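In what follows, a single structure is set out as structure tokens and then discussed.
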Amino acid sequence: MKPLKQPVWYLRGLALLGVAVSVGSCFSNRQNEGATLYASHCSNCHGAQGEGLKRLIPPLAGADYLTKNRNGLACLVRKGLQGPLIVNGVDYNQVMPAADSHLTDSQITNILNFVQTSWGNQGEIFTIREVTEQLRACGASDGQ
Amino acid sequence: MISSSFRHALSVALLTVAGALAFSSCSDKPDTAQTLPFIGERDVRPRADGGPADTIFAAIPSFTLTNQDGQTITNQTFAGKVYVADFFFATCPSICPKMQSELLRVYEQFKGNPQVSFLSHTIDPAHDSIPVLRDYAQRLGIQDASRWHFATAPHDTIFSLASRYMTAAQKDSGVPGGYAHSGTFALIDSDRHIRGVYDGMVKEEVDRLIKELPILLQEEAAKQKKAQ
Numbered sequence: 001m002k003p004l005k006q007p008v009w010y011l012r013g014l015a016l017l018g019v020a021v022s023v024g025s026c027f028s029n030r031q032n033e034g035a036t037l038y039a040s041h042c043s044n045c046h047g048a049q050g051e052g053l054k055r056l057i058p059p060l061a062g063a064d065y066l067t068k069n070r071n072g073l074a075c076l077v078r079k080g081l082q083g084p085l086i087v088n089g090v091d092y093n094q095v096m097p098a099a100d101s102h103l104t105d106s107q108i109t110n111i112l113n114f115v116q117t118s119w120g121n122q123g124e125i126f127t128i129r130e131v132t133e134q135l136r137a138c139g140a141s142d143g144q
Numbered sequence: 001m002i003s004s005s006f007r008h009a010l011s012v013a014l015l016t017v018a019g020a021l022a023f024s025s026c027s028d029k030p031d032t033a034q035t036l037p038f039i040g041e042r043d044v045r046p047r048a049d050g051g052p053a054d055t056i057f058a059a060i061p062s063f064t065l066t067n068q069d070g071q072t073i074t075n076q077t078f079a080g081k082v083y084v085a086d087f088f089f090a091t092c093p094s095i096c097p098k099m100q101s102e103l104l105r106v107y108e109q110f111k112g113n114p115q116v117s118f119l120s121h122t123i124d125p126a127h128d129s130i131p132v133l134r135d136y137a138q139r140l141g142i143q144d145a146s147r148w149h150f151a152t153a154p155h156d157t158i159f160s161l162a163s164r165y166m167t168a169a170q171k172d173s174g175v176p177g178g179y180a181h182s183g184t185f186a187l188i189d190s191d192r193h194i195r196g197v198y199d200g201m202v203k204e205e206v207d208r209l210i211k212e213l214p215i216l217l218q219e220e221a222a223k224q225k226k227a228q
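Just so you know, the sequences run in chain order A and B. Residue numbers for the first sequence follow UniProt numbering, beginning at 1 and rising by one. Residue numbers for the second sequence follow UniProt numbering, beginning at 1 and rising by one.
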């Protein structure tokens, strides 16, 4: 009896592993897109760890701005920002450039969710619909 | 008991000696053999008396700039010192923040050493007035302009200087911010020669600068001793 049971367990284990891998890759692709886009579009200024740069560039890690201005974040990424702003009580006054026009609504969603869930941030996740609505409000949705 | 503890002591002693020998033979080599190269084009000039030809190394030309305190700075400002130079602009949205945060890392290592100073040139002098440069420096945490100069000069002066520091810089309306430039850090010795060129966008390259700077300082110290 005993030697017969072993292969069954073995097969079950394999099947479980297969499911875990395929489910994992579904989620991690999304996660990776946010991380990859952040690295190529944001990290030169905001830092690989979202740490910002002294009083020149505001941090994203632990930034109160993200919760206080949640409704403006999608448009901020798409259109950039100019003029003074305050993050965690520190005033900043640099130009943030607009995103390159090829960032779609869903790519902006992934960037925002990467920021919301990285470096200890525990912000509320964005849906694509929410991001598209925010972008429509500032006339900048591409519907993709 | 006695013999075993003796044997133990002997083996510890032997190991210590062997370790010391191995350590010194490793650490001696880089100290004595390493000097930094001279970078850039060189010119070989035959001597009139037929003696061995002189090698003329590329050197930073004479310059006059103005720093964030409105003070005039020239080559003389850096006499007897070594300095690290780079090119940036205050509204640069692409590589500058990363570059300047890497240069800040070098600055933090050497800020207590008056033999080392820093020189960042703006390639956007039309926008980066002296107040803009001062604000930028202070926001970066640099209070003492004599340690890290943020300097401006007429457009043409800056651009011709950039190429002498091995930095590519040009106006380019196709990139964010309007200027394309490379993030080069150049290490300059007290004779205006370039002794190291590093990519300020790559952490490992900047680590190399931090490691190589003391080698140049050692050479400078030896040179000053000889001159006395």
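Even glycine gets a Cβ: it sits at the ideal position worked out from N, Cα and C. Please read these numbers as outputs of a predicted model, since none were measured by experiment.
query                                                                                                                                                                              : result
Check for me: the alpha helix (DSSP H) holding R105 (chain B) runs from which residue to which?                                                                                    : C96 to F110
Under DSSP, the beta strand (DSSP E) around D199 (chain B) begins and ends at which residues?                                                                                      : I194 to D199
State the Cα-Cα distance for the pair R195 (chain B) and L217 (chain B), rounded to the nearest angstrom.                                                                          : 11 Å
List the endpoints of the continuous alpha helix (DSSP H) containing L209 (chain B).                                                                                               : K203 to A227
Any chance the region 70-79 of chain B sits against the region 202-220 of chain B, with 3 or more Cβ pairs inside 8 Å?                                                             : no
Quick one: list the residues of chain E neighbouring C45 (chain A), beta-carbon separation under 9 Å, in chain order.                                                              : Although the question refers to chain E, the structure presented lacks it and instead comprises the protein chains A and B.
Between L66 (chain A) and chain B, is the shortest Cβ-Cβ distance under 9 Å, so that the two count as touching?                                                                    : no
Taking only beta carbons into account, state which residues of the region 93-123 of chain A come closer than 9 Å to chain B, listed in chain order.                                : N93, Q94, V95, M96, P97, A98 and D100
With a 10 Å radius around its C-beta and 16 neighbouring C-beta atoms as the bar for buried, classify S40 (chain A) as buried or exposed.                                          : exposed
Go through its chain and collect everything with a Cβ distance to D142 (chain A)'s Cβ below 7 Å, but skip five positions before and after it.                                      : T104 and D105
How far does the alpha helix (DSSP H) with Q138 (chain B) in it extend, from its first residue to its last?                                                                        : I130 to L140
Is there a Cβ of chain B sitting closer than 9 Å to that of R78 (chain A), yes or no?                                                                                              : no
Going by DSSP, which residues form a beta bridge with Q122 (chain A)?                                                                                                              : Paired residue(s): none; Q122 (chain A) is not in a bridge.
Residues bridged to R45 (chain B) by DSSP?                                                                                                                                         : B:D54
DSSP beta-bridge partners for residue 229 (chain B)?                                                                                                                               : In the structure as shown, chain B begins at 1 and stops at 228. Residue 229 (chain B) is therefore absent and cannot be evaluated.
Closest to F159 (chain B) by CA distance: which of B:L65, B:K226, B:Q34 and B:T35 is it?                                                                                           : B:L65
Within the same chain, show all residues whose beta-carbon is closer than 7 Å to that of Q134 (chain A), passing over the 5 residues directly before and after it, in chain order. : N71, A74 and C75
Among A:A63, A:V131 and A:L56, which residue has its Cα nearest to the Cα of W119 (chain A)?                                                                                       : A:A63
Starting from the beta carbon of N65 (chain B), find every residue of chain A whose beta carbon is closer than 8 Å, and list them in chain order.                                  : Checking the sequence shown, residue 65 (chain B) turns out to be Leu, not Asn. None at all; the shortest Cβ gap to chain A is about 22 Å.
Does the Cβ-Cβ distance between F150 (chain B) and L133 (chain B) come in under 9 Å?                                                                                               : yes
So what's K79 (chain A) in DSSP terms, helix, strand or just coil?                                                                                                                 : helix
Taking the continuous alpha helix (DSSP H) assigned at D64 (chain A), which residues delimit it?                                                                                   : D64 to K68
May I ask you to list, following chain order, the residues of the region 131-151 of chain B that have a beta carbon less than 9 Å from some beta carbon of chain A?                : D135, Y136, Q138, R139, L140 and G141
To which residues of the same chain is Y107 (chain B) closer than 7 Å at the C-beta, ignoring the five residues directly before and after it?                                      : F118 and W148
Just to make sure I have the definition right: I need the residues of chain B whose C-beta is within less than 9 Å of the C-beta of R55 (chain A). Which are they?                 : Q138, R139, L140 and G141
Tell me which same chain residues have a C-beta within less than 8 Å of the C-beta of Q144 (chain A), skipping the five on either side of it?                                      : T104, D105 and S106
What residues match up with H102 (chain A) in a beta bridge as DSSP calls it?                                                                                                      : Bridge partners of H102 (chain A): none, in fact.
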